[in-house]
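Undergrad: Mind having a look at this structure? Questions to follow.
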Amino acid sequence: MILMQLNQLTKRFGAETILSNIKLEVQMNDRIAIVGRNGAGKSTLLKMMAGDMSHDEGNIFKPKETTIGYLAQNTGLQSDESIWNEMEKVFTHLKDLEKELRSMEMQMADPALIEDQSRYQQLLADYDRKQEYFKSAGGYQYEADIKSVLNGLNFHNFNWDTPITSLSGGQKTRLALGKLLLTSPDVLILDEPTNHLDIDTLGWLEGYLQGYQGAVVIVSHDRYFLDKIVNTVYEIAFQSSKKYHGNYSDYLKKKEADYEQELKRFEKQQVEIKRMEDFIQKNIVRATTSKRAQSRRKQLEKMDKLEKPKDDNQSAKFSFQMEKKSGNDVLKLRDLAFRYDDSSSYLFDHLSLDLNRGDSVALVGPNGVGKTTLLKTIIGDLEASKGEKMIGTNVQIGYYDQEQTKLNSKKTVLNELWDEYPMKNEKDIRTILGNFLFSGEDVLKPVTALSGGEKARLSLAKLMMQEANFLILDEPTNHLDLDSKEVLEAALVDYPGTLLFVSHDRYFINKIATQIVEMNPEETRLFLGDYDYYVDKKQEEYELHQIEEAERLQNEPNKQEPQAKNSFEEDKAVKREERKKNRRIVGIEEEIEQLEMKLEENEELLCDPEVYQDHERSLELTEDNAEKQKQLETLMEEWETLHE
Numbered sequence: 001m002i003l004m005q006l007n008q009l010t011k012r013f014g015a016e017t018i019l020s021n022i023k024l025e026v027q028m029n030d031r032i033a034i035v036g037r038n039g040a041g042k043s044t045l046l047k048m049m050a051g052d053m054s055h056d057e058g059n060i061f062k063p064k065e066t067t068i069g070y071l072a073q074n075t076g077l078q079s080d081e082s083i084w085n086e087m088e089k090v091f092t093h094l095k096d097l098e099k100e101l102r103s104m105e106m107q108m109a110d111p112a113l114i115e116d117q118s119r120y121q122q123l124l125a126d127y128d129r130k131q132e133y134f135k136s137a138g139g140y141q142y143e144a145d146i147k148s149v150l151n152g153l154n155f156h157n158f159n160w161d162t163p164i165t166s167l168s169g170g171q172k173t174r175l176a177l178g179k180l181l182l183t184s185p186d187v188l189i190l191d192e193p194t195n196h197l198d199i200d201t202l203g204w205l206e207g208y209l210q211g212y213q214g215a216v217v218i219v220s221h222d223r224y225f226l227d228k229i230v231n232t233v234y235e236i237a238f239q240s241s242k243k244y245h246g247n248y249s250d251y252l253k254k255k256e257a258d259y260e261q262e263l264k265r266f267e268k269q270q271v272e273i274k275r276m277e278d279f280i281q282k283n284i285v286r287a288t289t290s291k292r293a294q295s296r297r298k299q300l301e302k303m304d305k306l307e308k309p310k311d312d313n314q315s316a317k318f319s320f321q322m323e324k325k326s327g328n329d330v331l332k333l334r335d336l337a338f339r340y341d342d343s344s345s346y347l348f349d350h351l352s353l354d355l356n357r358g359d360s361v362a363l364v365g366p367n368g369v370g371k372t373t374l375l376k377t378i379i380g381d382l383e384a385s386k387g388e389k390m391i392g393t394n395v396q397i398g399y400y401d402q403e404q405t406k407l408n409s410k411k412t413v414l415n416e417l418w419d420e421y422p423m424k425n426e427k428d429i430r431t432i433l434g435n436f437l438f439s440g441e442d443v444l445k446p447v448t449a450l451s452g453g454e455k456a457r458l459s460l461a462k463l464m465m466q467e468a469n470f471l472i473l474d475e476p477t478n479h480l481d482l483d484s485k486e487v488l489e490a491a492l493v494d495y496p497g498t499l500l501f502v503s504h505d506r507y508f509i510n511k512i513a514t515q516i517v518e519m520n521p522e523e524t525r526l527f528l529g530d531y532d533y534y535v536d537k538k539q540e541e542y543e544l545h546q547i548e549e550a551e552r553l554q555n556e557p558n559k560q561e562p563q564a565k566n567s568f569e570e571d572k573a574v575k576r577e578e579r580k581k582n583r584r585i586v587g588i589e590e591e592i593e594q595l596e597m598k599l600e601e602n603e604e605l606l607c608d609p610e611v612y613q614d615h616e617r618s619l620e621l622t623e624d625n626a627e628k629q630k631q632l633e634t635l636m637e638e639w640e641t642l643h644e
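The following block contains the structure:
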């Protein structure tokens with residue numbers, strides 16, 4: 001089923017054409033990525049699809065019943081409500097319908113109404129229809145859905161009565177995403193939904209979107225995320241669109257193959273044109289061959305000449321070199337800890353880490369665990385509260401700051417680099433800046449006027465100039481478009497020095513890292529492999545733990561561990577309560593199943609003419625239904641509480 005179709009869409013801002021001849025189709029269960037360079041018009045296209053922006057030419061077709069949900073880039077939820085109340089607003093229609101159903105149940109129990117069979121039968125029919133809709137629309141599970149989304153988006157440690165006004169910008173953005181997911185539109189349009197999400201939350205969102213019932217259209221710079229989610233890619237380049245089937249990695253391969261094929265066809269035709277032109281030039285004046293030359297000229301004029309395939313806009317070009325080699329031992333951290341003052345708790349503690357020459361280590365862990373703080377401690381911007389830090393022989397550190405605080409906003413692009421290396425001449429500095437896509441008058445721009453992507457490229461230029469043998473990078477792919485990320489990856493893959501970096505870009509981690517260090521508040525763990533290996537090992541550990549826990553519970557009655565009497569009794573009581581809780585959960589599920597079966601039986605009986613004409617029997621069944629409905633709601637609440 002087609003949910004939306006864009007045909008020959010054009011958008012201009014003044015005299016400048018941003019998009020033209022855009023063709024795009026969204027079908028049920030499609031997972032579509034819109035890719036292209038920064039400034040290609042991806043966000044503009046999403047806004048037009050969502051109806052937030054008009055188009056100048058072309059058409060957008062969609063059925064009237066198709067619902068659209070749109071999350072703009074870095075959109076924060078603005079509300080005076082609490083977290084829970086704001087999420088619950090999505091289901092206001094179900095809450096109102098629930099009240100209406102309770103009111104109808106009260107009416108059905110009214111003896112006076114039962115006397116009026118016509119009204120009574122109409123009420124029964126309306127009740128049945130509304131209750132069926134209430135059930136199918138998720139009336140019995142919307143609270144569980146809210147909890148699932150809030151937990152998935154990393155709000156499990158929050159008091160859900162917290163006012164939204166007290167939250168940070170990133171938390172408000174996550175809430176806006178959560179509220180949109182709960183609305184479940186037919187077409188879900190997301191512009192950079194992975195911003196402000198840590199790796200665990202990204203994994204949850206991937207699973208959620210993979211099982212989403214409608215269509216999803218995404219703009220994202222997270223290539224790992226795109227590989228997991230999408231089955232169709234539309235590339236926006238040179239103002240137009242081109243469709244590719246498959247995920248992001250498939251798109252890259254097909255794009256390269258298409259370019260090579262088009263280039264070969266173009267070059268082959270150019271050879272043919274040159275051969276024909278040479279023949280015409282040599283033979284047009286000869287009487288014996290003039291007719292053949294004229295015939296070739298006509299063929300040449302009628303030929304459908306191919307244009308040279310366009311390669312997308314220029315990419316940055318750079319590589320990282322070292323001034324000198326470091327010793328084999330690059331960094332040793334022993335029992336390191338950090339806290340901001342003596343009255344606060346440790347941000348991290350008992351942290352030990354060894355880095356040798358040539359290592360490429362990715363530092364991962366939940367937001368707030370202190371990854372950036374650790375990097376700043378290593379470079380000396382912050383002082384560790386306790387523990388030892390040892391930097392190896394001949395180690396030269398180059399640091400990339402994700403906030404670009406090392407850039408001087410008062411300088412121009414040219415001076416930002418030239419002042420660091422005054423002995424180089426201006427031409428060499430301009431050449432280096434040109435490699436990072438700063439050309440002509442761009443180098444005279446003040447740093448303060450640069451975009452996030454431009455500041456990132458300038459910071460990378462400064463880092464390259466240092467020729468350090470130990471690079472410490474904090475979120476180096478932030479603000480970079482997809483092509484710039486790939487250039488950076490290529491430069492780091494060939495880098496002969498040592499790397500330690502923090503990144504949420506799992507595709508980047510997979511490309512660069514040979515070791516993963518998982519950082520937690522109380523410890524660090526080393527995994528010898530890339531990100532996929534790390535994920536596999538974590539899943540393997542989880543499954544092993546589940547098996548061991550199941551075996552422990554199974555063998556528990558026969559297992560007598562020597563321990564102190566009080567500790568034994570406490571452990572025994574905890575396990576007894578756990579078993580009691582599990583038995584109660586099973587019992588509740590059986591009771592719910594029995595109640596639902598009885599409700600269905602009663603509903604069928606109430607539709608039987610012999611029963612609904614018997615007023616006493618009808619009243620008895622209606623009252624029984626109302627009572628069982630209350631029991632069902634009570635059991636559902638208890639079931640949710642026990643699971644929490």
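Note that full-length UniProt numbering gives residue 200 to position 200 of the sequence shown, counting from 1, and the numbers run on in steps of one.
Heads up, the beta-carbon is just placed ideally off N, CA and C, and yes, glycines get one too.
Since the structure is predicted, the reported quantities are computational estimates derived from the model, not experimental observations.
1) Give the list of continuous alpha helix (DSSP H) stretches no shorter than 4 residues that lie fully inside the segment 433 to 510.
2) Would you mind giving the Cβ-Cβ distance between E206 and Q73, rounded to the nearest angstrom? I have them listed as a contact below 8 Å.
3) List the residues that DSSP assigns as beta-bridge partners of Q27.
4) Taking only three categories from DSSP, how would you classify Q299?
5) Buried or exposed for L355, going by 16 or more other Cβ atoms inside 10 Å?
6) Suppose contacts are defined by Cβ-Cβ distances below 8 Å. Is I32 in contact with T194 by that definition?
7) Under three-state DSSP, which class holds M48?
8) Could you compute how far the alpha carbon of V493 sits from the alpha carbon of F225?
9) Any chance the segment 83 to 94 sits against the segment 135 to 144, with 3 or more Cβ pairs inside 8 Å?
10) My guess is that I34 and V216 are in contact by the Cβ rule of under 8 Å, so how many angstroms apart are they, rounded?
11) Please confirm whether E104 and L123 have their CB atoms less than 8 Å apart.
12) Just verifying my parser: in three-state terms, what is the DSSP assignment at R339?
13) Quick check: the Cα distance between E518 and N415, rounded to an integer number of angstroms?
14) Classify S168: buried if its beta carbon has 16 or more other beta carbons within 10 angstroms, exposed otherwise.
15) Starting from N151 and walking both ways along the alpha helix (DSSP H), at which residues does that stretch end?
16) Report yes if the CB atom of D481 is closer than 8 Å to the CB atom of G453, and no otherwise.
17) Looking at the strands, I want to know which residues DSSP matches up with F61.
18) Taking all protein chains shown into account, do 16 or more other C-beta atoms lie within 10 angstroms of the C-beta of E604, making it buried, or fewer, making it exposed?
19) If you run the structure through DSSP and keep just helix, strand and coil, what is Q107?
20) Just list the residues that DSSP pairs H221 with in beta bridges.
21) Can you tell me the Cα-Cα spacing of A253 and G246, whole angstroms?
22) List the residues that DSSP assigns as beta-bridge partners of R525.
23) Using beta carbons (cut-off 8 Å, strictly below), is M87 in contact with chain C?
24) Tell me the DSSP secondary structure of P609 in three-state form.
25) Check for me: the alpha helix (DSSP H) holding L205 runs from which residue to which?
26) If you drop the 5 nearest sequence neighbours on each side, which residues of the same chain put their C-beta closer than 6 Å to that of R223?
27) For A257, count the other beta carbons within 10 Å of its own beta carbon; 16 or more makes it buried, fewer makes it exposed. Which is it?
28) Short of 6 Å in beta carbon distance, which residues of its chain neighbour T372, apart from the five on each side in sequence? Order them along the chain.
29) Only counting the same chain, and skipping five residues up and downstream in sequence, which positions put a Cβ closer than 8 Å to that of N582?
30) Using the three-state DSSP reduction, which class does residue 646 fall into: helix, strand or coil?
31) With F348 as the anchor, note down where its beta strand (DSSP E) starts and where it stops.
32) Just list the beta strand (DSSP E) runs in the segment 367 to 443, keeping only unbroken ones of 3 residues or longer that don't cross its boundaries, in chain order.
33) If you reduce the DSSP assignment to three classes, tell me which class D329 lands in.
34) Pick helix, strand or coil for N555, following the three-state DSSP scheme.
35) Give the range of the beta strand (DSSP E) segment to which D161 is assigned.
36) What's the C-alpha gap between K302 and M276?
TA: From the atom records:
1) 452 to 466, 482 to 493
2) The sequence position of residue 206 within the sequence shown is 206, counting from 1. The sequence position of residue 73 within the sequence shown is 73, counting from 1. About 19 Å; that fails the 8 Å criterion.
3) As a position in the sequence shown, residue 27 is number 27, starting the count at 1. I2.
4) Here residue 299 corresponds to residue number 299 of the sequence shown, with the count starting at 1. DSSP places Q299 in helix when its eight states are reduced to three.
5) Within the sequence shown, numbered from 1, the residue matching residue 355 stands at position 355. That one is buried.
6) Walking along the sequence shown from the start, residue 32 turns up at place 32. Walking along the sequence shown from the start, residue 194 turns up at place 194. No, Cβ-Cβ distance for I32 and T194 is not below 8 Å.
7) Your numbering for residue 48 matches position 48 in the sequence shown. Note: M48 maps to helix in three-state DSSP.
8) Working through the sequence shown from its first residue, we reach residue 493 at position 493. Working through the sequence shown from its first residue, we reach residue 225 at position 225. Cα-Cα distance, rounded: 21 Å.
9) yes
10) As a working note, residue 34 is residue 34 in the sequence shown. As a working note, residue 216 is residue 216 in the sequence shown. Rounded, the Cβ-Cβ distance is 11 Å, inconsistent with contact.
11) The residue you call residue 104 lines up with position 104 of the sequence shown. The residue you call residue 123 lines up with position 123 of the sequence shown. Strictly speaking, residue 104 in this sequence is Met, with Glu absent from that position. Yes, Cβ-Cβ distance for M104 and L123 is below 8 Å.
12) Taking the first residue of the sequence shown as 1, we reach residue 339 at position 339. In this structure, R339 counts as coil in the three-state DSSP scheme.
13) In the sequence shown, the residue the question calls residue 518 occupies position 518. In the sequence shown, the residue the question calls residue 415 occupies position 415. Spanning the two alpha carbons is a distance of roughly 39 Å.
14) The count along the sequence shown starts at 1 and reaches residue 168 at position 168. Counting Cβ neighbours within 10 Å, S168 comes out exposed, since fewer than 16 surround it.
15) Here residue 151 refers to the residue found at position 151 when the sequence shown is read from its first residue. Residues 142 to 152.
16) As a working note, residue 481 is residue 481 in the sequence shown. As a working note, residue 453 is residue 453 in the sequence shown. Their beta carbons are under 8 Å apart, which means D481 touches G453 by this criterion.
17) Looking up residue 61 in the sequence shown gives position 61. Per DSSP, Q5.
18) On the sequence shown, position 604 is the one that residue 604 refers to. So E604 counts as exposed.
19) Against the sequence shown, residue 107 aligns to sequence position 107. Three-state result, Q107: helix.
20) Numbered from 1 along the sequence shown, position 221 holds the residue referred to as residue 221. Answer is none; H221 lacks a bridge partner.
21) As a working mapping, residue 253 is identified with position 253 in the sequence shown. As a working mapping, residue 246 is identified with position 246 in the sequence shown. For clarity, residue 253 is Lys in the given sequence; the question names Ala instead. Cα to Cα, K253 sits roughly 10 Å from G246.
22) By one-based count along the sequence shown, residue 525 stands at place 525. Per DSSP, E518.
23) Considering every chain present, this structure includes no chain C. It has just one protein chain.
24) In the sequence shown, the residue the question calls residue 609 occupies position 609. P609 falls in the helix class under three-state DSSP.
25) For this step, residue 205 is matched to residue 205 along the sequence shown. Its alpha helix (DSSP H) spans residues 199 to 210.
26) Within the sequence shown, the letter at position 223 stands for residue 223. Within the same chain, R223 has close Cβ partners Y248, Y507.
27) The count along the sequence shown starts at 1 and reaches residue 257 at position 257. The residue in question, A257, is exposed, as its Cβ has fewer than 16 Cβ neighbours within 10 Å.
28) By one-based count along the sequence shown, residue 372 stands at place 372. Around T372: D474.
29) Within the sequence shown, numbered from 1, the residue matching residue 582 stands at position 582. Correct list: empty, nothing qualifies.
30) Only positions 1 to 644 of the chain appear in the structure, and residue 646 is not among them; the question remains open.
31) For the purposes of this step, residue 348 is taken as residue 348 along the sequence shown, with counting starting at 1. 348 to 356 is the span of the beta strand (DSSP E), which, as asked, contains F348.
32) 386 to 391, 397 to 400
33) As a first step, residue 329 must be located in the sequence shown, where it is residue number 329. Three-state DSSP puts D329 in a strand.
34) For this step, residue 555 is matched to residue 555 along the sequence shown. Note: N555 maps to helix in three-state DSSP.
35) By 1-based counting over the sequence shown, the position of residue 161 is 161. Looking at the DSSP string, D161 is not in any beta strand (DSSP E), and its letter there is neither H nor E.
36) By 1-based counting over the sequence shown, the position of residue 302 is 302. By 1-based counting over the sequence shown, the position of residue 276 is 276. The straight-line gap from Cα to Cα measures roughly 13 Å.
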